[in-house]
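Participant:
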């Protein structure tokens, strides 16, 4: 039995969005949500609606930008892409995250 | 940096419309469609696919809410709701709202208008003057004196002073103010002029609108003239090629070399039209003016060198001044002077004028009106809050926090204050100009309409008022929890105490205003009724300056012809030709008694006049008779009329009539002039500050017999109407009476006295105006509070009536509470007024500031008016219908 799907840990959604955009280029909201779900391989229960406030937040910070385009089903959709400042932020956050994970891993190592 | 960026985009988001939110809806729809497509591809039916898509996307409404919150600044929605609630409450209680806004507007605008006046008078630097802190006006005083006045000196002394103090002072500019006639005949006008020394414009550092301003390094010949921007517009239609055109001033023609910057009209009270080189005017008056130390009429401005300490410059300049001036006292001694490098503007002179003193006092007093208005508005807010207490209780019960309720009331006060601020600014812009016209001299130097500080001040005052107003009732009302009889009754009681306090406060603050009005009324009445032995309030002085027009020989005959014409006019009672008059000035001449020492000390003023002078002036005889027409002939026997002061000086305690005096008519020309009459009092320069014993001695001589004493002539005209009403026509008729007259000047005989009445009139009008406002506010306050009490206790009163109470007793009961609060307020106000009136000591006339009768009258008047204001609404109690009252829930 696979472990139950986890909620998105607080504060990590922004990082996931940035990483997705950095890896895939311009994407609309649906595409970003799909990609995050795919990468998590079903381990993450994403309420897809929550990425829209997150996208706005990132845009307000100047880390992503957006423009209108046409989606696969021929509808008007907003396409988001990462900015230079966003890439820098992603590097910083990723490093911080790696260090946190590393530290937590050592903390939680079983006693010898 | 990022935080700032976020804040700004959120602010933009708050202010801009909902486009982004509409776009989100579109975005979400696209998202749903894409999700549904995906599910359809996996083989779900259309409905199932859409349902699954909805499930995966989550709540659309929550998403949009979260998006909205991210997009906008936090708290804005709550604020918008507060605004809506407050606005609704204000609209529902329309009467209260309008009253509150009116009261606040009155309070704030009275304060701001006066603040504006004081600002112009005391704080604002003159416009266009470069680095005004370095520009000083010269004042002097005796070394041990404490009332420096404007320095008046001669050219050579000022030149030596400038040379001696050159280390500290860049330049000194002598100047004097003068009115010069321009043109002849019906089109003749008169211009306000400054005769300027070479460095005048260097000292001020002006940039001209057109042309080149003269300076020490840009000398001009004496036919140059600089004109004001206003004159350029009016007389020359604002044409750009005005430089080089000519302007006739007196007997000379001047060439325009520059136009002063717009809005600059000199540094004195009256707006200046033209600036004329000093030499042009002095050469006419006193050909040896550059070197003579005999007398001077020159004032001076100075510019300090940069970085020079004023006190140091003053000390050194004083030293130099005492070394170079050669003026002597009557006894031949040379007094020691102190030079003051004072402020440029009139209101900031070293010795405050009475007018400035009054305006400062009034500025402070006007805040009382503001406080009263605030107190009253506070009351209105509490009352309207009490009426809404069940609504507030309901809100509290439904979970509104105390802070939220508090905010709602505060926002309500803030809205009131903002509307009032707008109203006050409108008042300042419209009525303010009017008030300034009454309160201020023209103040040429600071005539700009409004500046940013004023707007800041108005909004500041309003915001402070809103906080003060909102906070107390807000705290009181937000204490509302669930409505239970006990706490509710207690709350009502404590609110009532607060209301009583506000009522007392309003009454207390009215007292100083009414006392001030009383003091100024009595002062002005006494000043207007000082006995000068003559009545000159219906006398106009008329004069045409032939000397300046270059034909002094025509002055006598032309004035006679003007006199002949004026005498035929209806409304003119009598006309007398004189040598000395307000328009012309007077002179002192050597006059000695037949026997006694012949010294110059306190030479009497001499005036040669027609016999009709005594009729025109309504002179009163103390002894003897007036001289007659028969004695007013070139060959007649020499006779004179003197005033009591002269009789007292020459022949103390003895009769003067029949005595001989010697009037100096030229060297070796001493003949007996017989005194035929003594007029009572009759000072030459009347002043309410002089005691009758200090009046100057005056000798009055027949003008046709003593015509050679002075070439100057003027007419004194007694009219039935006041000079204010009669003057324009008199001037016009006089100007047309003889062809090609120079400008005919007409002014009320009492004009000089105006400067003495003016502060009193000013004080009276402002205190009266503020008192009227205060009374309106206080009456409104008392009436509203009593009326509220009646409404609140209608049920109780109904029961009392049923139980047999006398309606009259109930009315008194209702009014009593307000009246007691008022009485306490009156007592406090009396103490306040007593503490404050001392400020007015120096400006009042003939009345002590702490005059008991005036205090009593003010308090009695307030008590009477206040009682009526409380009693009228209380009468409603007596008319309560008990059965209706008992039905009230």
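Protein chains in written order, with my numbering: chain A, 270 to 381; chain B, 9 to 897.
All residues carry an ideal CB built from backbone N, CA and C; glycine is no exception.
(1) Which residues, taken in chain order from the stretch 326-340 of chain A, show a beta carbon closer than 9 Å to some beta carbon of chain B?
(2) Below 7 Å on C-beta distance, what does residue 75 (chain B) contact in chain A?
(3) Could you work out which residues of chain A lie near residue 45 (chain B), taking near to mean beta carbons separated by less than 9 Å?
(4) Looking at the structure shown, is residue 255 (chain B) part of a helix, part of a strand, or coil, going by DSSP?
(5) The alpha helix (DSSP H) spanning residue 567 (chain B) covers which residue range?
(6) What does residue 540 (chain B) pair with, by DSSP beta-bridge criteria?
(7) I'd like the list of long-range same chain contacts for residue 300 (chain B), defined as Cβ closer than 6 Å, with 5 residues on each side in sequence excluded.
(8) Going by DSSP, name the residue or residues bridged to residue 218 (chain B).
(9) Okay, do the stretch 570-577 of chain B and the stretch 715-730 of chain B touch, 3+ Cβ pairs below 8 Å being the bar?
(10) Spatial neighbours of residue 885 (chain B) within its chain, please: CB distance less than 6 Å, with the 5 preceding and 5 following residues excluded, ordered by chain position.
(11) When you compare the CB positions of residue 287 (chain A) and residue 365 (chain A), do they come within less than 7 Å of one another, or not?
(12) Beta carbon of residue 40 (chain B), beta carbon of residue 65 (chain B): below 7 Å?
(13) How many angstroms separate the CA atom of residue 183 (chain B) from the CA atom of residue 548 (chain B)?
(14) Using the beta-carbon of each residue, which ones in chain A are nearer than 8 Å to residue 70 (chain B)?
(15) Who pairs with residue 753 (chain B) in a beta bridge, going by DSSP?
(16) Please confirm whether residue 298 (chain A) has its beta-carbon closer than 7 Å to some beta-carbon of chain B.
(17) For a cutoff of 7 Å on Cβ pairs, would you count residue 48 (chain B) as touching chain A?
(18) What separation, rounded to the nearest whole angstrom, lies between the Cα atoms of residue 794 (chain B) and residue 398 (chain B)?
(19) Can you tell me which of the three DSSP states residue 177 (chain B) falls into?
(20) State yes or no: is the C-beta of residue 740 (chain B) within less than 7 Å of the C-beta of residue 749 (chain B)?
(21) Excluding sequence positions up to five away, which residues of its chain have a Cβ less than 7 Å from the Cβ of residue 665 (chain B)?
(22) Can you check whether the C-beta of residue 347 (chain A) is within less than 7 Å of a C-beta belonging to chain C?
(23) In the DSSP assignment, the beta strand (DSSP E) including residue 669 (chain B) goes from what residue to what residue?
(24) May I ask you to verify whether the stretch 375-383 of chain B touches the stretch 768-784 of chain B, counting CB pairs closer than 8 Å and requiring at least 3?
(25) Counting only the same chain and skipping the five closest in sequence on each side, list residues whose C-beta sits under 6 Å from that of residue 295 (chain A).
(26) Measure from the alpha carbon of residue 31 (chain B) to the alpha carbon of each residue in A:293, A:318, A:346 and A:328, then state which is nearest.
(27) Counting along the chain, where does the alpha helix (DSSP H) carrying residue 31 (chain B) start and finish?
(28) Does residue 708 (chain B) come out as helix, strand or coil in the three-state DSSP assignment?
(29) DSSP three-state call for residue 360 (chain A): helix, strand or coil?
(30) Does residue 190 (chain B) pass the burial test, meaning 16 or more other C-beta atoms within 10 Å, or should it be called exposed?
(31) Could you check whether residue 21 (chain B) and residue 79 (chain B) sit closer than 7 Å to each other, using their CB atoms as the reference points?
(32) Can you look up residue 838 (chain B) in the DSSP assignment and give me helix, strand or coil?
(33) Does residue 213 (chain B) come out as helix, strand or coil in the three-state DSSP assignment?
(34) Just the C-alpha distance for residue 427 (chain B) and residue 513 (chain B), rounded to the nearest angstrom, thanks.
(35) Measure the beta-carbon distance from residue 251 (chain B) to residue 234 (chain B) and round it to whole angstroms, keeping in mind my assumption that it falls under 8 Å.
(36) Identify which residue in B:563, B:615, B:326 and B:471 has its Cα closest to the Cα of residue 112 (chain B).
Facilitator: A quick look at the data gives this:
(1) 326, 328, 329, 330, 331, 332, 337 and 340
(2) 321, 322 and 325
(3) 341 and 342
(4) strand
(5) 563-575
(6) The partner list for residue 540 (chain B) (beta bridge, DSSP) is empty, contrary to what the question assumes.
(7) none
(8) B:267
(9) yes
(10) 798, 805, 818, 819 and 822
(11) no
(12) yes
(13) 30 Å
(14) 318
(15) B:551
(16) yes
(17) no
(18) 22 Å
(19) strand
(20) no
(21) 631, 632, 683, 684, 685 and 686
(22) In the structure shown, chain C does not exist; the protein chains are A and B.
(23) 668-671
(24) yes
(25) 348 and 350
(26) A:346
(27) 27-49
(28) strand
(29) helix
(30) buried
(31) yes
(32) helix
(33) coil
(34) 24 Å
(35) Not quite, the Cβ-Cβ distance comes to about 10 Å (not below 8 Å), so this is no contact.
(36) B:471
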